[in-house]
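As given, the protein sequences belong to chains C and P, one line each in that order. Per numbering that gives the first Met the number 0, the very first residue in the first sequence carries number 0; after that it's consecutive. Per numbering that gives the first Met the number 0, the very first residue in the second sequence carries number 0; after that it's consecutive. Ideal Cβ placement from N, Cα and C applies to all residues, glycine included. Below is one structure, written out as structure tokens, with a few remarks after it.
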Amino acid sequence: MVEAKKNSRSKVKGVAFRVVKATVKAVLIYLLYFFLAPLLAPIFELVPGFMGTIETFVVVFIVLMVLGDLAAHTIFQYFLGMAMSLFVIAYLILSLGDGIISVSFENFTLTVNLTMFYTITVLLSLLGLARSVLQAINFMNERAESSIQP
Amino acid sequence: MKVPIRMLGIATFIFWVILAAFIASAAYSIKDLSFGFGAPQFTAAPNHELLFSLPLHIDNRGYYSLKAFNITTVFSDVEGAEISRASTFVPVIPHGENVTIFHNVTLSMDSLLEKVEQYLLNDNNLTVSVTAGLNFAELIPVQLSTNITYPWGAPFYNFMLEQPLYDLFNSTHGRATVPLSFENHAAFDFAGNIRVELYDSENSLLGESHAAFSVLRYSRYAGNLEFYVPLSIAPFLTARNGYLKVFFSTSLFEYGPLVIPYG
Numbered sequence: 000m001v002e003a004k005k006n007s008r009s010k011v012k013g014v015a016f017r018v019v020k021a022t023v024k025a026v027l028i029y030l031l032y033f034f035l036a037p038l039l040a041p042i043f044e045l046v047p048g049f050m051g052t053i054e055t056f057v058v059v060f061i062v063l064m065v066l067g068d069l070a071a072h073t074i075f076q077y078f079l080g081m082a083m084s085l086f087v088i089a090y091l092i093l094s095l096g097d098g099i100i101s102v103s104f105e106n107f108t109l110t111v112n113l114t115m116f117y118t119i120t121v122l123l124s125l126l127g128l129a130r131s132v133l134q135a136i137n138f139m140n141e142r143a144e145s146s147i148q149p
Numbered sequence: 000m001k002v003p004i005r006m007l008g009i010a011t012f013i014f015w016v017i018l019a020a021f022i023a024s025a026a027y028s029i030k031d032l033s034f035g036f037g038a039p040q041f042t043a044a045p046n047h048e049l050l051f052s053l054p055l056h057i058d059n060r061g062y063y064s065l066k067a068f069n070i071t072t073v074f075s076d077v078e079g080a081e082i083s084r085a086s087t088f089v090p091v092i093p094h095g096e097n098v099t100i101f102h103n104v105t106l107s108m109d110s111l112l113e114k115v116e117q118y119l120l121n122d123n124n125l126t127v128s129v130t131a132g133l134n135f136a137e138l139i140p141v142q143l144s145t146n147i148t149y150p151w152g153a154p155f156y157n158f159m160l161e162q163p164l165y166d167l168f169n170s171t172h173g174r175a176t177v178p179l180s181f182e183n184h185a186a187f188d189f190a191g192n193i194r195v196e197l198y199d200s201e202n203s204l205l206g207e208s209h210a211a212f213s214v215l216r217y218s219r220y221a222g223n224l225e226f227y228v229p230l231s232i233a234p235f236l237t238a239r240n241g242y243l244k245v246f247f248s249t250s251l252f253e254y255g256p257l258v259i260p261y262g
């Protein structure tokens with residue numbers, strides 16, 4: 000009886016810790032965005048509607064990250080990690096296309112070639128995806144090992 | 000397996016931080032970049048060429064050097080045919096430096112006048128296609144292109160030779176005085192010589208005259224041409240119509256004949 004009470008208390012503690020951790024991480028990411036956005040404003044202003052898509056990106060990213068933290072110590076944590084990496088790649092492909100942004104203003108045409116930046120970001124996201132896959136495999140492996148143990 | 004996964008996580012995180020720092024600093028550097036144009040200058044070059052020099056001021060106060068800066072200008076006439084093309088390339092503009100670059104374009108007056116006589120006598124519009132590019136922060140190539148209409152001011156705008164005025168110069172020669180005027184609408188000073196041949200309606204050459212001139216940009220020139228014709232040429236005093244053949248000779252171009260009827 001006492002053992003069960005202890006278990007439920009530690010479970011509540013664990014969930015509370017995860018919620019606090021997720022909240023702190025979300026706040027930190029939002030603060031980072033809040034302070035970086037004005038610095039990036041000169042670039043954002045060149046592309047109409049870009050600020051809106053960045054906001055959507057940050058919101059989806061934070062939601063996936065919070066869900067991942069809440070689902071810690073389950074296989075879903077790694078699935079959400081993979082989803083986050085895939086979301087970053089998909090967002091980059093959809094928003095940047097071939098990596099060349101061309102903006103026309105009156106008689107001027109500004110072309111910015113972001114191919115290098117685009118490639119680096121996609122590669123880093125792929126690295127994140129690979130990490131999530133390895134973590135999922137490792138998680139399943141550990142589970143299988145613990146169930147085999149006498 | 001846990002250690003390699005953790006290492007992979009740490010490495011990914013570090014790369015993301017570096018990338019974020021790079022993006023933020025690059026974006027922040029943009030606001031510390033400034034570009035400006037000085038007043039364009041026109042000078043006469045040898046071989047009947049006009050040198051157009053445009054000073055470009057680049058103040059790079061950002062964190063990164065600008066590499067492979069290049070500017071290309073293409074001058075085209077009203078019909079879209081290319082008149083002149085020029086490029087200026089600067090390998091590096093280091094950060095924290097203020098650089099002035101002179102972009103020089105050579106316009107061949109001979110080729111310009113070959114195509115359209117109108118450039119000599121009438122104001123016109125040239126199309127200038129400008130393309131400027133650079134490698135920002137060594138990673139992001141940026142290019143800006145635009146088309147500008149450049150107003151071409153005619154050096155002999157409103158060129159006029161008025162009706163000849165006849166009088167007797169002496170017992171053997173008569174004199175025909177032809178008032179000459181034009182406005183230099185061009186952005187450059189020039190000097191030269193105008194040779195005019197006076198013909199009657201029978202295509203007989205009555206006389207020839209020269210006028211040396213030196214005219215400042217955006218200013219007017221007025222003078223008289225005097226033709227001394229022997230009175231033995233019978234139709235002189237009765238010639239009330241005919242034509243004038245005009246030949247222009249300057250340090251920038253040679254052009255002629257321009258035929259102007261009178262009477």
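Label I332/P either buried or exposed according to how many other C-beta atoms from any shown protein chain fall within 10 Å of its C-beta, with 16 as the threshold for buried. Residue 332/P lies beyond the stretch modelled for chain P, which goes from 0 to 262, so this question has no answer here.
Look up M64/C in the DSSP assignment and give the residues it is bridged to. Bridge partners of M64/C: none, in fact.
Can you confirm whether F107/C, when its beta carbon is compared against all beta carbons of chain P, has any partner nearer than 8 Å? yes
Counting contacts by CB-CB distance shorter than 8 Å, is M0/P in contact with chain C? Yes - at least one Cβ of chain C is within 8 Å of the one on M0/P.
Helix, strand or coil: how does DSSP classify T87/P here? The answer is strand: DSSP assigns T87/P an E or B state.
With a threshold of 8 Å between beta-carbons, can W15/P be considered close to chain C, or not? yes
Can you pull the chain C residues whose beta carbon is under 8 Å from the beta carbon of L55/P, in chain order? Here the premise fails: no neighbours, minimum Cβ distance about 16 Å.
Taking contact to mean at least 3 C-beta pairs separated by less than 8 Å, is the region 14–34 of chain P in contact with the region 86–93 of chain P? no
Determine the closest residue to A71/C out of K4/C, N140/C, S7/C, Q134/C, with distance taken between C-alpha atoms. Q134/C
Check for me: the beta strand (DSSP E) holding G222/P runs from which residue to which? From DSSP, the beta strand (DSSP E) with G222/P extends over 218–229.
DSSP beta-bridge partners for F187/P? Note: F187/P sits in no beta bridge, so no partner.
Hey, could you find the ends of the beta strand (DSSP E) V98/P is sitting in? Looking at the DSSP string, the run of the beta strand (DSSP E) that includes V98/P is 96–107.
Tell me whether D97/C is buried or exposed, calling it buried when 16 or more other Cβ atoms sit within 10 Å of its Cβ. By the 10 Å Cβ count, D97/C comes out exposed.
Taking DSSP as the reference, what is the three-state secondary structure of Q142/P? The answer is strand: DSSP assigns Q142/P an E or B state.
Mark I82/P as exposed unless 16 or more other C-beta atoms lie within 10 angstroms of its C-beta, in which case mark it buried. buried
K10/C - DSSP class collapsed to helix/strand/coil: DSSP, read as helix, strand or coil, puts K10/C in helix.
Please list the terminal residues of the continuous beta strand (DSSP E) segment that includes V77/P. No residue range can be given for V77/P, since it is assigned to no beta strand (DSSP E) and is classified by DSSP as neither H nor E.
Need the endpoints of the beta strand (DSSP E) that Y242/P sits in, please. 241–249 is the span of the beta strand (DSSP E), which, as asked, contains Y242/P.
Beta-carbon spacing of G206/P, A175/P below 8 Å: yes
Where the beta strand (DSSP E) containing M159/P begins and where it ends: 156–160
Compile a chain-ordered list of the residues in the region 15–39 of chain P whose CB is closer than 8 Å to at least one CB of chain C. W15, L18, A19, I22, A23, A26, Y27, I29, K30
Alpha carbon to alpha carbon, how far is H184/P from S231/P? Rounded to whole angstroms, H184/P to S231/P spans 42 Å at the Cα level.
Alpha carbon to alpha carbon, how far is A25/P from Y63/P? Give it in angstroms, no decimals. Between Y63/P and A25/P, the C-alpha separation is close to 7 Å.
Spatial neighbours of Y242/P within its chain, please: C-beta separation below 7 Å, excluding the five flanking residues on both sides. Y198, V258, I259, P260, Y261
Quick check: the region 7–18 of chain P against the region 116–135 of chain C, are there 3 or more CB pairs under 8 Å? yes
Cα-Cα, which of V177/P, W15/P, F187/P, D188/P is closest to S208/P? With respect to the C-alpha of S208/P, the residue from V177/P, W15/P, F187/P, D188/P having the closest C-alpha is V177/P.
Cutting at 7 Å between CB atoms, please list the residues of its own chain near Q117/P, excluding the five before and the five after it. N123
Would you call A276/P buried or exposed, if buried means 16 or more other Cβ atoms sit within 10 Å of its Cβ? Nothing in the structure corresponds to residue 276/P, since chain P is present only between 0 and 262.
Where does the unbroken alpha helix (DSSP H) through L120/P begin, and where does it stop? 117–120
To which residues does DSSP link A65/P through a beta bridge? What sits at residue 65/P in the sequence shown is Leu, not Ala. Per DSSP, I92/P, F135/P.
8 Å is my cut-off, CB to CB: does G127/C come that close to chain D? In the structure shown, chain D does not exist; the protein chains are C and P.
S203/P, DSSP secondary structure in three states: coil
Using a C-beta cutoff of 8 Å, does R130/C count as contacting chain P? Closer than 8 Å to some Cβ of chain P, the Cβ of R130/C qualifies, so yes.
Closest by CA to A136/P, which one among P150/P, L164/P, P93/P? Sorting P150/P, L164/P, P93/P by C-alpha distance to the C-alpha of A136/P places P93/P at the top.
T42/P by DSSP, collapsed to three states: which one? strand
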